[in-house]
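Heads up, the thing below is written out as structure tokens.
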Amino acid sequence: MGQRRPGRGPPRVGRGRAARLPQRGAARDAGSTEGQALIRVALIALSLALGLTACAQLERQPGEHARLSGRLSVTVAGDVTGDNQGRGTGGTASFELFGDPVRGRLELTSPLGALVARASWQPGRALLETPRERQRFDDLDALTRDMLGEPVPVAALFDWLQGRPWPAQAHQPFAGGFEQLGWRIESRGPALVATRLAEPVVTLRARLDGGDESTP
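If you count the sequence shown from 1, position 77 lands on 77 in the UniProt record's numbering, and the numbers rise without skipping.
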């Protein structure tokens, strides 16, 4: 088991800081509100998973089939975790995506087969679980704003993983893919490469189950 960082308190249980922020305007529909930061959730959960060993894992929830599953790798240039050390981060995990942007669940499994992170959401609630802690938030937007300081509107992940633009927002096509919401999406058969154009540059590579085993 890894050592906990000096100075860190016990695992947090309760609402994050973002739960105390004012609510956003009613003009945003429920799907957009609950799906604001699904890519960010993947980055957070994968980052947390990197520090966990095979002896630390969550209990699986039986009886439900994933809507999408596969393998993903994430590379983040520079610091997005708040330690101000300017180091890039990255890692690889298997993923299972359940439900939809309004009500669903994202689970990440380590290369050794341990379930190491789960993010779940429904109207009025989001939960991030690791073997070390459980954190509750009002919604996915609050979860990512609390941990990273900036939400990214992305109910889009369910569509992007299947190589198509999210129909709720405009996109700019190009040969081999499209740009949408500040990301450049390239579809390569069952594989996806998504690159955030703003700093810090984030590159997400994903391959759905049943695709070419050479990617990502």
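Heads up, the beta-carbon is just placed ideally off N, CA and C, and yes, glycines get one too.
Pairing Leu106 with Glu96, the inter-Cα distance amounts to about 6 Å. In this structure, Ser69 sits near Asp209, with a CB-CB distance shorter than 8 Å. DSSP places Ala194 in the strand class (E or B) of the three-state scheme.
For Leu157, the enclosing alpha helix (DSSP H) stretches over residues Leu157 to Trp160. Sequence-distant Cβ neighbours of Thr92 in its own chain, meaning closer than 6 Å and more than five residues away, are Ser73. Taking C-beta separations shorter than 7 Å and ignoring five residues to either side along the sequence, the partners of Pro165 in its chain run Asp159, His171, Phe178 and Gln180, following chain order. The beta carbon of Ala198 lies closer than 8 Å to those of Gly182 in the same chain, with the five residues before and after it left out. In this structure, DSSP gives Leu140 a helical state, which the three-state scheme calls helix. Per DSSP, Glu179 is one residue of the beta strand (DSSP E) stretching across Gly177 to Gln180. If you ignore the 5 residues before and after Ile185, its C-beta comes within less than 6 Å of the C-beta of Trp160, Gly177, Phe178 and Ala194, all in its own chain and listed in chain order.
From the listed residues Pro101, Arg60 and Glu129, the smallest Cα separation to Ala168 is found for Pro101. In this structure, Gln135 places its C-beta atom within 8 Å of the C-beta atom of Leu128.
If you look at Trp121, you'll find it in the beta strand (DSSP E) that goes Leu115 to Gln122.
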